[in-house]
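Here's the structure we're looking at; comments come further down.
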Amino acid sequence: MVTPMLAELGGSIHVGLAGLGSAIGVGLVGMKASEAVGRNPGAFGKIITIGLIGMAFSEAIVFYALFLVH
Amino acid sequence: MTSRIAVLSRIDFEVFYNWFIFPKKTLVKNFTMMQFRAHFGRALRLLNRWQRRFDLMRLINITILLLFLAGWPLAPLQAQTGAGTALAAAKAEPAEEGLPTAAQDIFSRGVFHVSNSMLVTWLVAIAIIVFAQYATRSMKDVPEGAQNFWEFLVEGLYNFLEEIVGADLVKKSFWFFATIFIFICFTNWCGLIPGVGTVGWGHDTPEGFKLTTPLFRGGNADLNMTFAMASIFMLLWLIWALQSNGIVGFVLHIFGPKGDSQGVMKYAMILVFLAVGLIEVMSIAFRPISLSFRLFGNMFAGENLLDAMSHVIQQPAWAKAVFSVVLPVPFYLMELLVGLVQAIVFMLLTAGFTSVICMHDEDAHARKQH
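As they're listed, the protein sequences go chains A and B. Sequential numbering of the first sequence, starting at 1, is according to this note's numbering. Sequential numbering of the second sequence, starting at 1, is according to this note's numbering.
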C-alpha cells in the first residue's frame with residue numbers, strides 16, 4: 001500500500017517538506033516574539049527586528065528547496 | 001561717412017544679437033573670464049574640501065560602480081549554460097506559468113550581452129550615485145533634506161555595525177557592508193515600481209497579448225548579481241581574516257582546538273577539532289551559495305507572487321480589470337518589507353561571518369585574563 005503511494009509521489013515533495021518546516025519555524029519565531037513583547041513591551045523595536053530576521057532565515061529554507069534541489 | 005555706417009551697423013548687429021539670438025543680455029555680459037574663474041574656482045575648492053571630509057561617500061559610490069561591473073563577466077556564461085547547472089533543469093521545462101528563472105537578454109552581440117536585470121542594476125546604481133552627489137553637493141553643519149537622509153542612513157548603519165563587528169573592524173569594513181545594504185535595499189524596492197516586468201516585447205496569443213521578454217527585471221531577481229555580490233564578500237572575508245589572524249592564526253582558528261583540556265584529553269581534542277574544522281570548511285564553502293540563493297529566491301519569488309496575483313481572476317472582463325490592480329496591493333506592501341529585511345539579512349550575515357573569523361585575538365586575550 002505504502003510503496004505504490006510513495007512511487008506516485010515524486011515531483012516536488014521536497015518543496016512541500018521544506019515549506020512545512022519553514023512554516024513551523026516562522027510560527028515559532030512569531031510565537032516567541034509575541035511572548036517577549038508581552039513580557040517586555042518596551043523592547044518592541046528590538047524584538048521586531050530580531051523576529052523579522054529570524055523569520056527571514058527560516059523562510060529561506062523553502063527557496064533552497066525550490067532552486068537548489070532537483 | 002564710412003565710419004558712421006560702420007558704427008551703425010555694429011550697433012545694429014549688437015541689438016540683433018542681444019534681442020534675437022541671446023534674449024538675455026546678462027548671459028553674454030556675465031561670461032567674462034574673471035567670473036568664470038571665480039565661479040569654477042570656488043566650486044573646485046568646495047569639491048576638494050568635501051572630498052577630504054567625505055571620503056566615505058565616494059568610497060561607497062566607487063564600490064557600487066565596481067559591484068555592477070562585476071556582474072558583467074558572468075553574463076556570457078549565463079547565456080551559454082542557462083544561469084548554471086542548478087537552474088538548467090528549471091529552464092528545460094516549458095514555462096507555462098510564472099516568470100522564467102533566468103534573466104533574458106535584451107541586447108546581445110557576440111560575447112557582449114545585456115540582460116534586463118543588468119539594465120535595472122545599472123539604472124539603480126546610477127540613481128544612487130547621482131542622488132548621493134546631489135545630496136552632498138553643498139554640505140551644511142545642520143543637515144536638512146537629502147543630506148539629512150544620507151547622514152541618518154550612514155550614521156545608523158555605522159552604529160548598527162559597530163555593535164556587531166566591533167569598533168576596530170568597523171572602520172576597515174564599513175564601506176562594504178553599508179554599500180551592500182544601500183544597494184540591495186534600493187534595488188529591491190526599484191523592482192516594485194510599476195512597469196518593471198510589465199513593459200517589454202511579446203506576442204499575441206488567443207487569450208491576449210503575452211509578454212515574453214520584459215525590458216526591466218528586478219536586479220536581485222537574477223542569480224548572477226547575487227552570486228557576484230556573495231563572491232566579492234567571500235574574497236574580502238578571506239582578506240580580512242588573513243589580515244587580522246595571519247595565515248597560521250587563520251588555519252588555527254578553523255582547525256585548532258578550543259577550550260582548556262589537559263593530558264590525554266588534549267590530544268583527543270585535537271583530533272575532534274580537526275573533524276570540526278572539516279565541517280567548518282564545508283559550511284564556509286556553502287556560504288556564497290546560501291547567501292546568493294537566499295536573496296535571489298526571495299526576490300524572484302516576490303516577483304512571481306505579484307505576477308500571479310495580478311492574473312488570479314480572468315473571467316469577467318470588468319473583474320479582471322479591477323482585481324488585477326487591487327489584489328497585488330497588499331503583496332506590494334509585503335514585498336517592501338521583504339526587500340528591506342533581505343537587505344538587512346545579507347548585511348547582518350556578512351558582518352557576522354567577518355566578526356566571527358576576526359574576533360579570535362580578543363577571545364584568546366579575554367581567556368588569558370580570565
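Every residue gets a Cβ at the ideal spot worked out from N, C-alpha and C, and that includes glycine.
- Shown here, D141 of chain B sits in coil according to DSSP, grouped into three states, outside any helix or strand.
- Looking at the DSSP output, G202 of chain B shares a beta bridge with B:L211.
- Contact of I24 of chain A with chain B by beta-carbon distance below 8 Å is absent, the smallest such distance being about 19 Å.
- I13 of chain A does not reach chain B, its nearest Cβ partner there being about 16 Å away, counting only Cβ pairs nearer than 8 Å.
- Using beta-carbon distances, R294 of chain B counts as an interface residue toward chain A, with a partner under 9 Å.
- By the C-beta density criterion, N245 of chain B is buried, having at least 16 other C-beta atoms within 10 angstroms.
- Counting C-beta pairs with one atom in each stretch, the segment 34-53 of chain A and the segment 314-333 of chain B have fewer than three that are closer than 8 Å, which means they do not touch.
- Rounded to the nearest angstrom, the Cβ distance from G302 of chain B to V338 of chain B is 6 Å, consistent with a contact under 8 Å.
- Pairing D204 of chain B with I284 of chain B, the inter-Cα distance amounts to about 48 Å.
- For I254 of chain B, the enclosing alpha helix (DSSP H) has its first and last residue at 223-255.
- Residue state for V312 of chain B is assigned as coil, using DSSP reduced to three classes.
- For V120 of chain B, there is no enclosing beta strand (DSSP E); the enclosing alpha helix (DSSP H) has its first and last residue at 116-135.
- Non-local beta-carbon contacts of L349 of chain B in its own chain, meaning distances under 8 Å to residues more than five positions away in sequence, involve L291 in chain order.
- Its Cα nearest to that of I239 of chain B, the residue B:L169 stands out among B:K210, B:L169, B:S115, B:L274.
- Straight across, the Cα-Cα distance linking I254 of chain B with V281 of chain B is about 8 Å.
- Distance from L211 of chain B to G202 of chain B at the Cβ level is roughly 4 Å; contact confirmed, criterion being Cβ atoms closer than 8 Å.
- Using a Cβ-Cβ distance cut-off of 8 Å, the segment 216-233 of chain B and the segment 292-311 of chain B are in contact, since at least three pairs of beta carbons, one from each stretch, lie closer than that value.
- Taking a Cβ-Cβ cut-off of 7 Å, F44 of chain A has no neighbours in chain B, whose nearest Cβ is about 16 Å from it.
- Just so you know, the alpha carbons of Q104 of chain B and E335 of chain B end up roughly 23 Å apart.
- When the Cα atoms are used, L242 of chain B and C185 of chain B turn out to be separated by approximately 30 Å.
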